[in-house]
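**Student:** Residue numbering for the sequence shown is 188 to 722, as defined by the working numbering.
Glycine included, every Cβ here is placed at the ideal spot set by N, Cα and C.
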Amino acid sequence: MSLAGALDPVTLTVIDNFLTATCRDMGVTMMKTSYSPIFNESLDFSCVIFDPDGQMLAQAEFCPSQIGTIKFTVTWTLDELGRDAFAPGDVLLHNDPYRGSGHVPEHMMLKPVFWEGELFGFVANVAHMSEPGAKTPGGLSGDATEVFQEGLLLPPVKIKRRGEDVDDIWKIILANHRTPKVTYGDFRAMMASLDLAEERLHELLAQHGMATVRQASRELIEIAERRMRAEIAAIPSGVYTFEDIIEDDGITDRQYPMRLNLTVGAGEVVADFTGSAPQAIGPVNAIYAVTASAVYNAILHLTDPTIPRNEGCYRPITVIAPPGTIVNCTFPAPVAGGNTETSPRITDMVFGALQNAVPDRVAAACGGTSSPFLFGGVDPRSGGLYAHFHFEGVGWGGRAGLDGNDMVVTINGNCRNTPVEVFESRYPAFLIEEYRLLADSGGPGEFRGGLGGERILTVVNEVTVSALLNRMKADPWGVLAGGNGARGGIWVKRADDDEWRTFVEVFGTLSPSKFSGIRLHPGDQVRLAMPGGGG
Numbered sequence: 188m189s190l191a192g193a194l195d196p197v198t199l200t201v202i203d204n205f206l207t208a209t210c211r212d213m214g215v216t217m218m219k220t221s222y223s224p225i226f227n228e229s230l231d232f233s234c235v236i237f238d239p240d241g242q243m244l245a246q247a248e249f250c251p252s253q254i255g256t257i258k259f260t261v262t263w264t265l266d267e268l269g270r271d272a273f274a275p276g277d278v279l280l281h282n283d284p285y286r287g288s289g290h291v292p293e294h295m296m297l298k299p300v301f302w303e304g305e306l307f308g309f310v311a312n313v314a315h316m317s318e319p320g321a322k323t324p325g326g327l328s329g330d331a332t333e334v335f336q337e338g339l340l341l342p343p344v345k346i347k348r349r350g351e352d353v354d355d356i357w358k359i360i361l362a363n364h365r366t367p368k369v370t371y372g373d374f375r376a377m378m379a380s381l382d383l384a385e386e387r388l389h390e391l392l393a394q395h396g397m398a399t400v401r402q403a404s405r406e407l408i409e410i411a412e413r414r415m416r417a418e419i420a421a422i423p424s425g426v427y428t429f430e431d432i433i434e435d436d437g438i439t440d441r442q443y444p445m446r447l448n449l450t451v452g453a454g455e456v457v458a459d460f461t462g463s464a465p466q467a468i469g470p471v472n473a474i475y476a477v478t479a480s481a482v483y484n485a486i487l488h489l490t491d492p493t494i495p496r497n498e499g500c501y502r503p504i505t506v507i508a509p510p511g512t513i514v515n516c517t518f519p520a521p522v523a524g525g526n527t528e529t530s531p532r533i534t535d536m537v538f539g540a541l542q543n544a545v546p547d548r549v550a551a552a553c554g555g556t557s558s559p560f561l562f563g564g565v566d567p568r569s570g571g572l573y574a575h576f577h578f579e580g581v582g583w584g585g586r587a588g589l590d591g592n593d594m595v596v597t598i599n600g601n602c603r604n605t606p607v608e609v610f611e612s613r614y615p616a617f618l619i620e621e622y623r624l625l626a627d628s629g630g631p632g633e634f635r636g637g638l639g640g641e642r643i644l645t646v647v648n649e650v651t652v653s654a655l656l657n658r659m660k661a662d663p664w665g666v667l668a669g670g671n672g673a674r675g676g677i678w679v680k681r682a683d684d685d686e687w688r689t690f691v692e693v694f695g696t697l698s699p700s701k702f703s704g705i706r707l708h709p710g711d712q713v714r715l716a717m718p719g720g721g722g
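(1) Could one say the Cβ of P196 lies closer than 8 Å to chain D's Cβ atoms, at least one of them?
(2) Assuming L327 and L655 are in contact, meaning their beta carbons sit under 8 Å apart, how far apart are those beta carbons, in whole angstroms?
(3) Given a cut-off of 8 Å, decide if L407 and D195 are closer than it, judged by their beta-carbon atoms.
(4) Starting from C516, trace the alpha helix (DSSP H) in both directions and tell me its first and last residue.
(5) Starting from the Cα of V596, find the closest Cα among S612, S653, K660, E528 and give me that residue.
(6) Would DSSP call R534 helix, strand or coil?
(7) Taking Q402 as the reference, which of F307, G454, T651 has the closest Cα?
(8) Could you tell me whether the Cβ atoms of H281 and A523 are closer together than 8 Å?
(9) Going by DSSP, which residues form a beta bridge with Q246?
(10) Comparing alpha-carbon positions, which option in P275, I359, I360 lies nearest E385?
(11) Just grab the DSSP bridge partners of T209 for me.
(12) Is G437 near P465, with beta carbons less than 8 Å apart?
(13) Mind pulling the alpha helix (DSSP H) runs of 4 or more residues that sit fully within the region 639 to 710?
(14) Near H708, what residues of its chain come up, given a Cβ to Cβ distance below 7 Å and the 5 sequence neighbours on each side ignored?
(15) Please specify which runs of the beta strand (DSSP E), each continuous and at least 3 residues long, are wholly inside the region 321 to 363, giving them in chain order.
(16) Can you name, in chain order, every residue of its own chain whose Cβ lies under 6 Å from the Cβ of G499, other than the five neighbours on each side?
(17) Whole angstroms are fine: how far does the CA of Q253 sit from the CA of A544?
(18) As an exercise, report each continuous beta strand (DSSP E) stretch of at least 3 residues that is fully enclosed by the region 404 to 465, in chain order.
(19) By DSSP's criteria, N312 is part of a beta bridge. Which residues make up the other side?
(20) Shortest alpha-carbon distance to W263 belongs to which of D240, Q336, C553?
(21) F273 by DSSP, collapsed to three states: which one?
(22) For the pair the region 551 to 565 and the region 685 to 698, tell me if three or more CB-CB distances fall below 8 Å.
(23) Could you give the DSSP three-state label for I254: helix, strand or coil?
(24) Check whether the Cβ atoms of T534 and N592 sit closer than 8 Å, and answer yes or no.
(25) Between which two residues does the beta strand (DSSP E) harbouring H281 extend?
(26) Taking C-alpha atoms, which residue in S703, V456, I677 lies nearest to Q712?
(27) Go to T478, then tell me how far its alpha helix (DSSP H) extends in each direction, as first and last residue.
(28) With DSSP collapsed to three states, give me the class of T505.
(29) Assuming P606 and A331 form a contact by the criterion Cβ under 8 Å, report the distance between their Cβ atoms to the nearest whole angstrom.
(30) Report all residues from its chain with a CB closer than 6 Å to the CB of G372; omit the five preceding and five following residues, and keep chain order.
(31) Under 7 Å Cβ to Cβ from G192, same chain only, skipping five residues before and after it: list those, please.
(32) Can you give me the C-alpha to C-alpha distance between G511 and T517, rounded to a whole angstrom?
(33) Okay, do the region 565 to 582 and the region 348 to 359 touch, 3+ Cβ pairs below 8 Å being the bar?
(34) What three-state label does DSSP hand G499 in the structure shown?
(35) How long is the line joining the alpha carbons of S424 and P531, rounded to whole angstroms?
(36) Quick check: the region 295 to 306 against the region 489 to 496, are there 3 or more CB pairs under 8 Å?
What follows is the structure, given as structure tokens:
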């Protein structure tokens, strides 16, 4: 069909599928070529394609929290640097939360794609590095009080310029990460996925031409926006409210309430968090991009999954988060747990607000923690340093017609935990003595919440551990009169003791579930119990 009119549905579908498949293949490349289990087992990364103005053209089904934040990361990067800052072969690296990154361990790489001398757009990925150079191994220090303690901050900088490594940038990064070999390998995996995407886009442009692909991108964005507005219009209009708390921040014992007023009408959603608590001293703060991403995650869960996943999906959704609050903190507040802990709680709040409006679609609260358990030390087999970020699954909330899923990484992740065999062979710290589901940890109801799990670890070599967990003091709530799920917990048993005790009791930490830099010795044990989902 002539470019003067709309493209035919077949061409639109072919181009949309090609773009989405390219993002998926980027992820496969990262999984197959990376060094760390957080990449090749947990899949804690996302892959996206943008147009020259930073509008999202396609994404793959990886990590929801990253897919939402990378919209801001790329847009704000282009605002800061301008499109003219990019040349063929450039690769830009960036992990500064106050420039749009989710939290410090998540590093974004961005590469321009040129065709016949013209900038077509950008390919990008974002991934959680297992060792970001924080004050303790693995990052995510549960008692951090400023962002500088959470790792090496990188503003948007070129790590490759016109196809050549920028050696000075590499030297700075590798000198500040405890495990430079792993960082190097994972960064190269990210670069390989960008190269693959560039090659695939060249194939697409050679087949269809720049004008057709640009037109298809515009039309696909319009289609996604139109369909998303129609989905939202089907939700009864009104103002819906909900409130939840972050139970502590690792530094103080105070609770941090989050308040949501959700206005639905005329095909639009406005999520207003005015009235939420001031930002925390400890690392449970969310930046604006994280809060917006969590709201997007909820709305995408509640609407038609066949809508093209591009910029148009997000246009009908507005997020208001006052600066200086726990849902939009200001520099230099620590933010590590905002992305792992506060984000899934915000997504659940949207479900809670809409439980009576669309009772057939919402779910009860999930376990609500990514369960970060970080550890590192010296590997006696090699004499080198190691570090690991360990996920644990939680129970998901029950929903109409179905019980909640058991022991799945929380709703902002789409990630997997590290298999026992990989865990024990890669890292010399622990043996896993038990790994099981916790009976009756899901909230009761006609459709019960999913079960949390328990893992008991025995220390075999001296190791430094940190944690940043939630739902240890506050229940995962049920919806539509369903019951609450069970809380979680983390305990330690010293080699010369027969009792499980909290880290507060044994080490004097300020929080039972948020701490860093605790040294454990052979024979000590750690017990992790994960919360269930609401019913």
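**Tutor:** Result, derived from the coordinates:
(1) No chain D appears in this structure, which consists of one protein chain only.
(2) 5 Å
(3) no
(4) Taken as a continuous stretch (DSSP letters only), C516 belongs to no alpha helix (DSSP H), as it is neither H nor E.
(5) E528
(6) The sequence as given places Thr at residue 534; Arg does not occur at that position. Of the three classes helix, strand and coil, the one that applies to T534 here is helix, per DSSP.
(7) F307
(8) no
(9) V235
(10) P275
(11) For T209, which the question treats as bridged, DSSP gives no partner whatsoever.
(12) no
(13) 690 to 694
(14) V646, E649, A682
(15) 344 to 348
(16) I408, A411, E412
(17) 28 Å
(18) 425 to 433, 443 to 452, 455 to 459
(19) C234, M296
(20) D240
(21) coil
(22) no
(23) helix
(24) no
(25) 278 to 281
(26) I677
(27) 475 to 489
(28) strand
(29) Not really, about 29 Å apart at Cβ, beyond 8 Å.
(30) Y222
(31) none
(32) 5 Å
(33) no
(34) helix
(35) 25 Å
(36) no
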